[in-house]
Structures are given as C-alpha cells and as structure tokens.
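Mapping of the sequence shown onto the working numbering: residues 36 to 182, in sequence order. In what follows, a structure is listed as structure tokens, so that the remarks can point back to it.
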Amino acid sequence: MISLIVLFIAFMIIAAAGMAIFISKKEQQKGELDMTFRNLYVYLVLFATLMMSIGGSVGVFMSAADYLSAPSYQQSYTDFKAMKEGNPKEKATDEEIRAQYEDALQFEKERTRANALNGIIKSLGWIVIPLPVFLYFQRQVRLSKKD
Numbered sequence: 036m037i038s039l040i041v042l043f044i045a046f047m048i049i050a051a052a053g054m055a056i057f058i059s060k061k062e063q064q065k066g067e068l069d070m071t072f073r074n075l076y077v078y079l080v081l082f083a084t085l086m087m088s089i090g091g092s093v094g095v096f097m098s099a100a101d102y103l104s105a106p107s108y109q110q111s112y113t114d115f116k117a118m119k120e121g122n123p124k125e126k127a128t129d130e131e132i133r134a135q136y137e138d139a140l141q142f143e144k145e146r147t148r149a150n151a152l153n154g155i156i157k158s159l160g161w162i163v164i165p166l167p168v169f170l171y172f173q174r175q176v177r178l179s180k181k182d
C-alpha cells in the first residue's frame, strides 16, 4: 500500500515537472519563464499544505471518535480467571480475581482514551503547522492575480 502511495507521488512529481518543462518551452518565447516556475512552486506548496491539513483533520475526527466511544478489546472474565488460576504461585479468591479483572478493564479503557487524546494532539499539529504556510501562499496568489 505504501509503495503505491510512493509511486503515485513520484508520478505526480514527474507529471508536474513535465508540465513545467512544456509550459516553460511555450512561455520562453514570451520571457515569462521565471513566473511559470514560481507559479508551479506556489501551487505545489499550496497542494502539499492543503493535503497535510486535510490529513490532520481526518486524524482529529478519528481520534475524537475513539475518545468518545473507546473501542477496546476486552478479555472475558472466564479467560482472565483461567489465566489467574493457571498461575500456581498466586492463590486468589474469586472476589480478588473479579476485582483484578475490573481494575484491568478500567485501566484498558483509560489507556485507550489517553491514546485517543494523544492522537488528537498529534493530528492538530498536522493542521496548525501547515496552515500558516498555506494562508501565506494563498495570499501571494491573490496578490499576484490582482496585478
């Protein structure tokens, strides 16, 4: 899957370079070669930062969903009890095993929520960091279109 993504990105870069060469040869007669490469650079930066922000938004949404309704694998009580009874060093009563089981479930739920919160914070970084770059370059495009 990752190799397909890398292949797609490489194809897009080669296609963009090919378009730049084609446009540069066409525009070279007009003396606007520098402007074409600048526009290509600006639009590539806009595209990359927009994709980063969209990916971050998806990550925030997925982590928020995990935080609100934490999906966790839960070991059944009978499996937990069989595991505890299988250890001859620890002799525990049924009530102690039940308390340990409840503690383990609570710990797993807290751990899952903490991981989801951590994912939200990390995904917000994918939004907050590229957003100023995107806004700056978008403003540059607007200013150049006014000229």
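The beta-carbon is built from N, C-alpha and C at its ideal position, and this holds for glycine as well. From a predicted model like this one, the values you see are computed outputs, not experimental measurements.
Straight-line gap, V93 to F46 (C-alpha atoms, nearest Å): Position 58 of the sequence shown, counted from the start, is the residue given in the question as residue 93. Position 11 of the sequence shown, counted from the start, is the residue given in the question as residue 46. Answer to the nearest angstrom: the Cα atoms are 24 Å apart.
CA nearest to the CA of S98, picked from I155, L75, A83 and M87: On the sequence shown, residue 98 is found 63 positions in, with the first residue counted as 1. Looking from the CA of S98, the closest CA among I155, L75, A83 and M87 belongs to I155.
Proximity to E143 [Cα-Cα], best of D129, Q109 and D182: For the purposes of this step, residue 143 is taken as residue 108 along the sequence shown, with counting starting at 1. It is Q109 whose Cα lies nearest to the Cα of E143.
Best match in A50, Y171, A151 and S179 for proximity to L85 [C-alpha to C-alpha]: Position 50 of the sequence shown holds residue 85. Closest in C-alpha terms to L85, from the list A50, Y171, A151 and S179, comes Y171.
Between the CA atoms of G53 and N74 - distance to the nearest angstrom: For this step, residue 74 is matched to residue 39 along the sequence shown. For this step, residue 53 is matched to residue 18 along the sequence shown. Spanning the alpha carbons of N74 and G53 requires a straight line of approximately 15 Å.
DSSP three-state assignment for A117, whether helix, strand or coil: Locating residue 117 in the sequence shown gives position 82, where the first residue counts as 1. Note: A117 maps to helix in three-state DSSP.
Presumed contact (8 Å Cβ cut-off) between P167 and S88, rounded CB distance: For this step, residue 167 is matched to residue 132 along the sequence shown. For this step, residue 88 is matched to residue 53 along the sequence shown. Not really, about 11 Å apart at Cβ, beyond 8 Å.
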